[in-house]
Amino acid sequence: NAGVTQTPKFRILKIGQSMTLQCTQDMNHNYMYWYRQDPGMGLKLIYYSVGAGITDKGEVPNGYNVSRSTTEDFPLRLELAAPSQTSVYFCASSRRTSGTTYNEQFFGPGTRLTVL
Amino acid sequence: SQKIEQNSEALNIQEGKTATLTCNYTNYSPAYLQWYRQDPGRGPVFLLLIRENEKEKRKERLKVTFDTTLKQSLFHITASQPADSATYLCAFLSGNTPLVFGKGTRLSVIA
Numbered sequence: 663n664a665g666v667t668q669t670p671k672f673r674i675l676k677i678g679q680s681m682t683l684q685c686t687q688d689m690n691h692n693y694m695y696w697y698r699q700d701p702g703m704g705l706k707l708i709y710y711s712v713g714a715g716i717t718d719k720g721e722v723p724n725g726y727n728v729s730r731s732t733t734e735d736f737p738l739r740l741e742l743a744a745p746s747q748t749s750v751y752f753c754a755s756s757r758r759t760s761g762t763t764y765n766e767q768f769f770g771p772g773t774r775l776t777v778l
Numbered sequence: 212s213q214k215i216e217q218n219s220e221a222l223n224i225q226e227g228k229t230a231t232l233t234c235n236y237t238n239y240s241p242a243y244l245q246w247y248r249q250d251p252g253r254g255p256v257f258l259l260l261i262r263e264n265e266k267e268k269r270k271e272r273l274k275v276t277f278d279t280t281l282k283q284s285l286f287h288i289t290a291s292q293p294a295d296s297a298t299y300l301c302a303f304l305s306g307n308t309p310l311v312f313g314k315g316t317r318l319s320v321i322a
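Chains as they are written, first to last, in this note's numbering: chain Z, 663 to 778; chain R, 212 to 322.
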């Protein structure tokens, strides 16, 4: 299993440009997440999904959009890039079933995004 | 508002000693908490999970405690090694809400 894969690894955008960060997992996990991590600020949840076709906002969703058309893929879209979106973005997945232990999250390697 | 604090940004210890990292929470009643390790340039990796009704959990040289009275979790690494140097993140979960992460503590084990 490859686990959670993210592309690209690095990207530089100009203000106002758009891009999609790709995330794929091959573990058949139902839950998927997008986080951003700024220096010294920990992980902030942007959006998450509990299954195909279902998404929900996290703590910092403004400026981002997501979709979940398949179990495996959970792309994150930036429509109008701003310098405040300069960060490292992590995708994660987990298996969660009702009435059982909340299982650990598996993280991808991250995408380092700079907006100039 | 809910708040999670890891007591220090950085902790330096000598090789062979026990490292103890602290995670405190306020305005929150977590049902589970998890600890992750993060190396520079990489995503976090899960280490341990402990439930609110468990006092202590161990895995090899790692030990986690969960004190709901003090609203605190302690993470211990015994016989620390330079390879244990990393950032350690705690994360809490309550009900159906997603995990909430602390900012992390950067541990440096000096040979």
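Ideal Cβ placement from N, Cα and C applies to all residues, glycine included.
- Contact of F277(R) with chain Z is not assigned, every C-beta pair being separated by 8 angstroms or more.
- With a minimum length of 4 residues, there is no unbroken run of alpha helix (DSSP H) contained wholly in the region 706 to 736 of chain Z.
- For L318(R), the enclosing beta strand (DSSP E) covers residues 316 to 321.
- About 5 angstroms separates the CB atoms of V750(Z) and R774(Z); that is less than 8 angstroms, so the two are in contact.
- Residue state for D278(R) is assigned as strand, using DSSP reduced to three classes.
- For F312(R), at least one C-beta of chain Z is nearer than 8 angstroms to its own C-beta.
- Assignment of alpha helix (DSSP H) within the region 231 to 255 of chain R, counting only whole runs of 4 or more residues, yields no such run.
- Chain order gives the chain Z residues near R253(R) as F769, P771, G772, where near means a beta carbon separation below 9 angstroms.
- DSSP places K268(R) in the uninterrupted beta strand (DSSP E) bounded by 267 to 270.
- Around D718(Z), the same chain offers Y709, Y710, S711, V712 as residues with beta carbons nearer than 8 angstroms, after the five sequence neighbours per side are excluded.
- Residue state for A743(Z) is assigned as coil, using DSSP reduced to three classes.
- Against chain R, a Cβ distance below 7 angstroms from E766(Z) picks out Q245, F257, L260.
- Considering only P293(R), Y299(R), A294(R), the residue with the shortest C-alpha distance to L285(R) is Y299(R).
- About 11 angstroms separates the beta carbons of Y243(R) and L259(R), which is beyond the 8 angstroms limit, so they are not a contact pair.
- A buried status is given to A297(R), since no fewer than 16 other beta-carbon atoms sit within 10 Å of its beta-carbon.
- Residues are counted here when their Cβ sits less than 7 angstroms from a Cβ of chain R; for the region 697 to 708 of chain Z these are G702, M703, G704, L705, L707, given in chain order.
- If you look at N223(R), you'll find it in the beta strand (DSSP E) that goes 221 to 225.
- Relative to the Cα of L683(Z), the nearest Cα in the group I677(Z), Y693(Z), P670(Z), M694(Z) belongs to P670(Z).
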